[in-house]
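Contents: one structure, followed by commentary.
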Amino acid sequence: MSTEDIVRRLKDIADLDENPSLELMSLFSQAQPSDFPKMSQLRSWTPTELRETVQTEITLREAGRLIEKARELRGMSTRELAARVGVSQPRVVQIQASGETLGIQTLVKFATALGYRVVIELIPEEGGEPIRAT
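Numbering (my numbering), first residue to last: 22 to 155.
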C-alpha cells in the first residue's frame with residue numbers, strides 16, 4: 022500500500038480534515054499483530070474509537086524504549102538482560118529498536134528481570150484521580 026493510499030484511508034476513516042501524523046501513518050503501514058483491527062473493521066469506528074486504539078498501540082510500541090532506558094539505568098548489557106529473560110541477545114536489541122507492540126506479559130517479564138514493576142493506570146479524560154493496578 023502506498024503512502025498516498027494510507028493517507029487517503031486514514032483521512033476517510035477518521036474523518037480528518039488534514040493529513041494524519043507521521044506516527045499514525047507509520048503505525049498503519051507496518052505489519053500488525055493478529056489482534057489489531059483490520060482496515061475494513063476500522064471504517065465503522067468513530068473517530069474517538071480510532072484515536073483510542075491508535076493511542077493504545079503507540080503506547081505499547083514505546084515499551085521497547087522503556088526497556089532500553091531501564092536496562093541502561095541498571096548498567097546491564099543486552100546480553101545479560103537476554104539471559105535473565107530467556108531470549109536471545111538479538112531479540113532484546115530488536116525489541117528495543119523496532120517499536121513493535123509488546124504484550125503485557127512480555128513487558129512484565131522484561132521489567133521483572135530489570136528490577137521494575139509494571140503499573141497500569143487509567144486516567145479520566147475529564148480530570149480527577151487516576152486508577153492504578155499493579
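Every residue gets a Cβ at the ideal spot worked out from N, C-alpha and C, and that includes glycine.
These numbers were taken from a predicted model, which means no experiment stands behind them.
- Query: When the Cα atoms are used, what is the spatial distance from I144 to R153?
  - Reply: Approximately 9 angstroms, taken between the alpha carbons.
- Message: So, for E147: in the same chain, excluding its five sequence neighbours on each side, which residues have a beta-carbon less than 7 angstroms away from its beta-carbon?
- Response: Contacts found: none.
- Query: With respect to the alpha helix (DSSP H) encompassing E93, which residues constitute its N-terminal and C-terminal limits?
  - Reply: 84 to 94 is the span of the alpha helix (DSSP H), which, as asked, contains E93.
- Apply the 10 Å Cβ neighbour rule to G136 and answer buried if 16 or more other Cβ atoms are within range, or exposed otherwise. Per the 10 Å Cβ criterion, exposed.
- Item | Per-residue burial, R86 [other beta carbons within 10 Å of its own, 16 or more giving buried] | Residue burial is scored here from C-beta neighbours: R86 has fewer than 16 other C-beta atoms within 10 angstroms and is therefore classed as exposed.
- Query: By how many angstroms is the C-alpha of E89 removed from the C-alpha of E121?
  - Reply: So the two alpha carbons sit approximately 13 angstroms from each other.
- Message: With a threshold of 6 angstroms on Cβ separation, who are the neighbours of R105 within its own chain once the five nearest residues in sequence on each side are excluded?
- Response: Sequence-distant partners of R105 (beyond 5 residues in either direction) whose C-beta falls short of 6 angstroms from its own C-beta, in its chain, are A134.
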